[in-house]
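Let me begin by presenting the structure, written as structure tokens, before commenting on it.
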Amino acid sequence: MITNSNAFFILKQQIQSAIDFSVLCCHAVPALNAYIKAVEKGGAPKLPDADHFKGDPNFEQLRGYIPEYRRNLGKLMFINSFSYFEAYFKSLISEVLKFHGGQEAFVERARERQHQHLVFAEDQKTKNAANKLREHAKPSHSLKYVKYTNEIEHTDFRFPSELFAAFGIMELGNSYSDLKASQIPHVAQYCFGVELTAADITSFSSYRDLRNNVVHGKTLTVEFNEANAANKFLRALALKIDKHVVRHFLVIEI
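Numbering (this note's numbering), first residue to last: 7 to 260.
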């Protein structure tokens, strides 16, 4: 049984890699600071040679980097986390389409089912019940509408809201590669039916705005604790979406 998408597995690896790098930096910078002091006091002959950077180290320059390293590290961690989440969501859509044989095959299957349901709607008993619902709604007829809806809703008859599946699959497949971050909650809710809370949407929008401010140079640093909180939120949101999509959309359909 599938428990998580491949897209989520990759996301977990990427997030863990970013966390591991952050842990390394949080150990390395204090160690560097202590090593500089040891060299200056004669307790060590020199700093170990840096990887990828040649020449003698400039202690004053290195000291200048240290006070802001947490915020700069926070910025990098935050940008990575948000980018990984965006890539995850697009990969998830691609995975769903591929699971069902690709966009064209999935659309064709939806159209075949649509046709079957339309044919069933011509069954005389079904047609008689549906005909009672083919009128402009009148509040005084509400009990009648409930009665005839109950007669056909658990059959192969499909109501108008259910007959748009083929179009939805086609449009999703055509547009997901250009999906903007601002559209992710909308697609999660209205395409996949994920129940997002107002807090989910507000938090995501706030982090999206922060991401935009960072990449456009309006925000130069991000507090490490804030980046860590964003990372936890985006991972939890991805898990929420993933569990729902795996349960309802990664199901073999013949």
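Backbone N, C-alpha and C fix where the C-beta goes; we use that ideal spot for every residue, glycine too.
Nearest-angstrom Cα separation, counted from residue j out to residue i
i, j, result
"K43", "F84", "31 Å"
"L103", "H33", "43 Å"
"L245", "N10", "8 Å"
"Q22", "A236", "14 Å"
"K47", "F27", "30 Å"
"F14", "C31", "26 Å"
"S183", "N86", "19 Å"
"M7", "F255", "13 Å"
"Q195", "A204", "12 Å"
"H160", "P166", "15 Å"
"A64", "I99", "This sequence places Asn at residue 64; Ala is not what is there. Spanning the two alpha carbons is a distance of roughly 49 Å."
"V152", "L139", "9 Å"
"M176", "E168", "15 Å"
"G61", "Q67", "13 Å"
"L219", "Y71", "Inspection of the sequence shows that residue 219 is occupied by Asn rather than by Leu. Spanning the two alpha carbons is a distance of roughly 22 Å."
"Q109", "G179", "6 Å"
"E101", "N234", "28 Å"
"Q20", "V45", "37 Å"
"E201", "L185", "20 Å"
"V113", "S181", "14 Å"
"Q120", "S146", "32 Å"
"N12", "R253", "14 Å"
"E141", "T208", "40 Å"
"T155", "N137", "11 Å"
"A24", "E128", "58 Å"
Minimum C-alpha distance to residue i - residue among the options
i, options, result
"A50", "V29, N180, F59, A37", "A37"
"R77", "I258, L256, E232", "E232"
"F198", "V113, N218, G174", "G174"
"S212", "A187, K138, T227", "A187"
"Y90", "F230, S181, L216, K18", "K18"
"R117", "D215, F170, F230", "F170"
"I260", "R253, T155, L149, G107", "G107"
"R115", "P73, E128, E74, A172", "A172"
"L79", "S181, E229, T208, R253", "E229"
"D215", "Y154, N12, F88", "F88"
"I258", "T155, E141, Y75, F105", "F105"
"P73", "R119, E141, V35", "V35"
"T227", "Y75, A24, H147", "Y75"
Buried or exposed by the 16-neighbour rule on C-beta atoms within 10 Å, applied to residue i
i, result
"D206", "buried"
"E81", "With the sequence shown as reference, residue 81 is identified as Lys, and Glu is not the correct amino acid for it. It counts as buried."
"F210", "buried"
"F163", "buried"
"D248", "buried"
"I190", "buried"
"D59", "For the record, residue 59 in the displayed sequence is Phe; it is not Asp. Classification for F59: exposed."
"A143", "exposed"
"R69", "exposed"
"H192", "exposed"
"I158", "buried"
"V251", "buried"
"R217", "buried"
"V29", "exposed"
"A111", "exposed"
"L149", "exposed"
"A40", "exposed"
Handout entry: Cβ contact (3+ pairs, closer than 8 Å) linking the region 223 to 230 and the region 123 to 137
Key = No, they do not touch.
Problem - the region 239 to 248 / the region 84 to 101 touching (three or more Cβ pairs under 8 Å) - result: Yes, the region 239 to 248 touches the region 84 to 101.
Handout entry: Sufficient close CB pairs (3 or more, under 8 Å) joining the region 45 to 60 to the region 128 to 144
Key = Not touching, per the Cβ criterion.
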